[in-house]
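Letter by letter, the sequence shown follows residues 313 to 549 in my numbering.
Reviewing the structure listed below.
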Amino acid sequence: MNDPITSGTALVLFSGGQDSTTCLAWALSRFARVEMLGFSYGQRHAIELECRDRLLGGFRALRPDWALRLGDSHTLDIPTLSEISDTALTRDVAIAMGADGLPNTFVPGRNLVFLTFAAALAYRRGIRHIVGGMCETDYSGYPDCRDETIKALQSALNLGMARDFELHTPLMWLDKAATWRLAEELGGAGLVDLICEHSHTCYLGERGARHDWGFGCGECPACSLRAKGWREYVARP
313 MNDPITSGTA LVLFSGGQDS TTCLAWALSR FARVEMLGFS YGQRHAIELE
363 CRDRLLGGFR ALRPDWALRL GDSHTLDIPT LSEISDTALT RDVAIAMGAD
413 GLPNTFVPGR NLVFLTFAAA LAYRRGIRHI VGGMCETDYS GYPDCRDETI
463 KALQSALNLG MARDFELHTP LMWLDKAATW RLAEELGGAG LVDLICEHSH
513 TCYLGERGAR HDWGFGCGEC PACSLRAKGW REYVARP
């Protein structure tokens, strides 16, 4: 992809997972400078945060122009989110469907909190563009991943902070196979290999088993979506 580079700065929600890593590449292909923001909120798969440095090192090695555009990497601790949540992402319980029809991996308010904190940081640093990996095409039904939610939150943030933030969700209408293809379009086979080897998606934080698509338990909803997308991607690249 050869979209023109804007002179602005983007702030990417960068967890260390497949989706946020692909979003980071998307931002680097469009903005003159890119900063990253991750959150430590008591998640079971906190190992994802440890993957970020290896991923950033891979980005710098992959393309010199990306290395020049990479800016500061931030991490915010918000343990309160875990303290008020009773979910399979913040407790050592089995992953299951809840009575409300949502999987118990849903952390209520998580993306709303993440984007609000991101906007507060962007406000202080003079950044207008915020990039997140939310998607309602291949997802578990989380209501805070819906395009309608993101648009409403953008309006609320702009009203509440008197700014003109733009929330970008480049994966919103892509399934996981298309997300793999987007990574290849942005960074070639090198980026796909980097995502396989160093990104983390598994909800259980499992990195013992190496699959074609990367590390993970292979059974949780996040692993299942990633594996299914990989199979469809390699079958029809």
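Quick reminder that beta carbons are idealized off the backbone N, C-alpha and C, glycines included.
Please read all numbers here as calculations on a predicted model, not as lab measurements.
* **Opening and closing residue of the alpha helix (DSSP H) in which Leu388 lies** => As a first step, residue 388 is located in the sequence shown; it is residue number 76 there, counting from the start. Taken as a continuous stretch (DSSP letters only), Leu388 belongs to no alpha helix (DSSP H), being part of the beta strand (DSSP E) at 382-389.
* Could you check the C-alpha separation between Ile317 and Gly444 for me, to the nearest Å? => On the sequence shown, position 5 is the one that residue 317 refers to. On the sequence shown, position 132 is the one that residue 444 refers to. Using only the alpha carbons, I get a separation of about 19 Å.
* Through-space distance from Phe371 to Trp551, alpha-carbon basis -> The requested residue 551 is not part of the displayed model; the chain covers only 313 to 549.
* **Per DSSP, cross-strand counterpart(s) of Glu442** => Taking the first residue of the sequence shown as position 1, residue 442 is located at position 130. What sits at residue 442 in the sequence shown is Ile, not Glu. Note: Ile442 sits in a beta bridge opposite Leu323, Leu479.
* By how many angstroms is the C-alpha of Gln355 removed from the C-alpha of Met313? -> On the sequence shown, residue 313 is found 1 positions in, with the first residue counted as 1. On the sequence shown, residue 355 is found 43 positions in, with the first residue counted as 1. With a pLDDT of 46 at Met313, under the threshold of 50, the predicted position of this residue should be treated as unreliable, though the coordinate-derived value follows. C-alpha separation (whole angstroms): 34 Å.
* Asked: Going straight from the alpha carbon of Cys363 to that of Cys514, what length do you get?
  -> The residue labelled residue 363 in the question sits at position 51 within the sequence shown. The residue labelled residue 514 in the question sits at position 202 within the sequence shown. Cys363 and Cys514: Cα-Cα distance of roughly 12 Å.
* Anticipated Cβ contact below 8 Å, Leu340 with His441, distance rounded -> The residue given as residue 340 occupies position 28 in the sequence shown. The residue given as residue 441 occupies position 129 in the sequence shown. Leu340 to His441, Cβ: 12 Å. No contact.
* C-alpha distance - Thr491 paired with Thr481, whole-angstrom precision -> Here residue 491 is taken as the residue at index 179 of the sequence shown, counted from 1. Here residue 481 is taken as the residue at index 169 of the sequence shown, counted from 1. Each residue's alpha carbon lies about 12 Å from the other.
* For Arg475, which of Glu460, Gly453, Leu433, Leu483 has the nearest alpha-carbon? -> Working through the sequence shown from its first residue, we reach residue 475 at position 163. Among Glu460, Gly453, Leu433, Leu483, the Cα nearest to that of Arg475 is on Leu433.
* Element boundaries [beta strand (DSSP E), containing Ser352] -> Walking along the sequence shown from the start, residue 352 turns up at place 40. 343-352 is the extent of the beta strand (DSSP E) around Ser352.
* **Residue closest to His512, alpha-carbon to alpha-carbon, out of Gly329, Asp487, Thr321, Leu325** => Numbered from its first residue, the sequence shown carries residue 512 at position 200. Comparing Cα positions, the closest option is Gly329.
* Asked: Can you tell me whether Val546 is buried or exposed, with buried defined as 16 or more other CB within 10 angstroms of its CB?
  -> In the sequence shown, the residue the question calls residue 546 occupies position 234. Its Cβ having fewer than 16 others within 10 Å, Val546 is exposed.
* Asked: Just to confirm, are Glu448 and Asp459 a CB contact at a threshold of 8 Å?
  -> Residue numbering aside, residue 448 sits at position 136 when the sequence shown is read from its first letter. Residue numbering aside, residue 459 sits at position 147 when the sequence shown is read from its first letter. For Glu448 and Asp459, yes; Cβs fall inside 8 Å.
* Unbroken alpha helix (DSSP H) run spanning Thr449, endpoints -> Within the sequence shown, numbered from 1, the residue matching residue 449 stands at position 137. Unbroken run through Thr449: none, as it is neither H nor E.
* Asked: Got a sec? Which residues, its chain only, sit under 8 Å from Thr387 by beta carbon, not counting five neighbours each side?
  -> Counting from one through the sequence shown, the residue named residue 387 turns up at place 75. Closer than 8 Å at Cβ, skipping near neighbours: Leu349, Gly350, Phe351, Ser352, Leu361.
* Asked: What number of angstroms, rounded off, separates the C-alpha of Leu394 from the C-alpha of Gly421?
  -> Within the sequence shown, residue 394 is the residue found at index 82, counting from 1. Within the sequence shown, residue 421 is the residue found at index 109, counting from 1. For clarity, residue 394 is Ser in the given sequence; the question names Leu instead. Distance between the alpha carbons of Ser394 and Gly421: 11 Å.
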